[in-house]
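1 is the number of the first residue of the sequence shown in UniProt numbering; add one for each residue after it. Think of the CB as a built atom: it goes at the ideal place given N, C-alpha and C, for glycine as much as any other residue.
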Amino acid sequence: MKTEMVLGDRRMLRLKIEVMVLMKCHEQTDPNSKQHFVAFVDRGKTAKFKFLVMGLVGKSLEDIRRDVLGHNYSRSTVMQCSIQTLIAVRDLHGLGYLHRDIKPQNYAVGLGEKQNTVYMLDFGIARKFTVGETKEVKIARAKVSFLGTVRFASRACHKCIEQGRKDDLESWIFMVSMSSYFQVL
């Protein structure tokens, strides 16, 4: 569950985009196109808080690397994680959204029979890059603020240039190549 104060700095209100992305995923009829997204359970609002309830997942890839596996993981595990994280990026783009904060902390493994599935998390700074329900790409803004994680951010993000799908892919490449999680490659 995620919560957010009803009143607050508009720039810090990120639950709305999380709800929009997860609801869009939930609407998909093809189960393969939503297999790397947590289940959308409910959303709501009280006098002071807004909340989002989603499916439960296990540890993040970063937590597993740091606390469980250390550097004791197989090439097969690394390849499976790489493939599943990239598929999640592809599927998010298929919904018309950019993640804009690709990093190991924003992916987690499932629980129980879903323990071999990697889920994409944290859509708080995601952005819709298409116009409405079309595949037409929005016109880029002239200047944008830096959003994301310095270590994994794309070059365009560091230059405060509007991000596109290529920037999520660039961040994914940085995650795979720079993160000590993937040092076995």
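Point to revise | CA-to-CA distance, Leu-169 to Ile-87, given in whole angstroms | key: Here residue 87 refers to the residue found at position 87 when the sequence shown is read from its first residue. Here residue 169 refers to the residue found at position 169 when the sequence shown is read from its first residue. If I take the Cα positions, the gap works out to 11 Å.
**Study point:** Boundaries of the alpha helix (DSSP H) in which Ala-156 is found, first to last residue
**Key:** Mapped onto the sequence shown, residue 156 falls at position 156. Per DSSP, Ala-156 belongs to the alpha helix (DSSP H) from 155 to 158.
Check your understanding: Who pairs with Lys-128 in a beta bridge, going by DSSP?
Key -> To locate residue 128, count along the sequence shown from 1; it is residue 128. Looking at the DSSP assignment, Lys-128 forms a beta bridge with Tyr-97.
Point to revise | Arg-100, buried or exposed, once every other Cβ within 10 Å from all chains shown has been counted against 16 | key: For the purposes of this step, residue 100 is taken as residue 100 along the sequence shown, with counting starting at 1. Arg-100 comes out buried.
Exercise for review: Could you tell me which residues DSSP pairs with Lys-45 in its beta bridges?
Suggested key: By 1-based counting over the sequence shown, the position of residue 45 is 45. Answer by DSSP bridge pairing, in chain order: Lys-50.
Check your understanding: Per DSSP, Tyr-119 forms a beta bridge with which residues?
Key -> Your numbering for residue 119 matches position 119 in the sequence shown. Ala-108.
Review point. Under 7 Å from any heavy atom of the ligand PLP, does the C-beta of Ile-139 make it?
Key: In terms of ligand content, the structure shown is empty, and the ligand PLP therefore cannot be addressed.
Practice item. Drop a sphere of 10 angstroms on the beta-carbon of Ser-171, count the other beta-carbons inside from all chains shown, and report buried for 16 or more, exposed for fewer. Key: Stepping through the sequence shown from its first residue, residue 171 is reached at position 171. Buried, because 16 or more other Cβ atoms sit within 10 Å of the Cβ of Ser-171.
Review point. With 16 as the cutoff for other CB atoms within 10 Å, does Pro-104 come out buried or exposed?
Key: As a working mapping, residue 104 is identified with position 104 in the sequence shown. When all chains shown are included, Pro-104 counts as buried.
Check your understanding: Between which two residues does the alpha helix (DSSP H) containing Lys-16 stretch?
Key -> To locate residue 16, count along the sequence shown from 1; it is residue 16. Element bounds for Lys-16: 15 to 27.
Review point. When burial is assigned at 16 or more other CB atoms within 10 Å of the CB, is Thr-85 buried or exposed?
Key: In the sequence shown, residue 85 corresponds to position 85, counting from 1. Buried, by the Cβ-count rule.
Review point. Rounded to a whole number of angstroms, what is the C-alpha to C-alpha distance between Lys-128 and Leu-98?
Key: Within the sequence shown, numbered from 1, the residue matching residue 128 stands at position 128. Within the sequence shown, numbered from 1, the residue matching residue 98 stands at position 98. Cα-Cα distance, rounded: 6 Å.
Review point. When DSSP labels each residue in this structure, what does Thr-149 get in the three-state scheme?
Key: For the purposes of this step, residue 149 is identified with residue 149 of the sequence shown, where counting begins at 1. Looking at Thr-149 - three-state DSSP - the assignment turns out to be coil, as it is neither helix nor strand.
Exercise for review: Within 10 angstroms of the Cβ of Gly-96, are there 16 or more other Cβ atoms? Answer buried if so, exposed if not.
Suggested key: Reading the sequence shown from its first residue, position 96 is the one you call residue 96. Buried, by the Cβ-count rule.
Point to revise | Completely contained alpha helix (DSSP H) runs for the region 58 to 96, where each covers 4 or more residues | key: Entirely contained in the region 58 to 96, the alpha helix (DSSP H) runs reaching 4 residues are, in chain order, 75 to 94.
Review point. From what residue to what residue does the beta strand (DSSP E) around Thr-134 run?
Key: Translated into the one-based positions of the sequence shown, residue 134 becomes position 134. It is not in any beta strand (DSSP E) - Thr-134 carries neither H nor E in the DSSP assignment.
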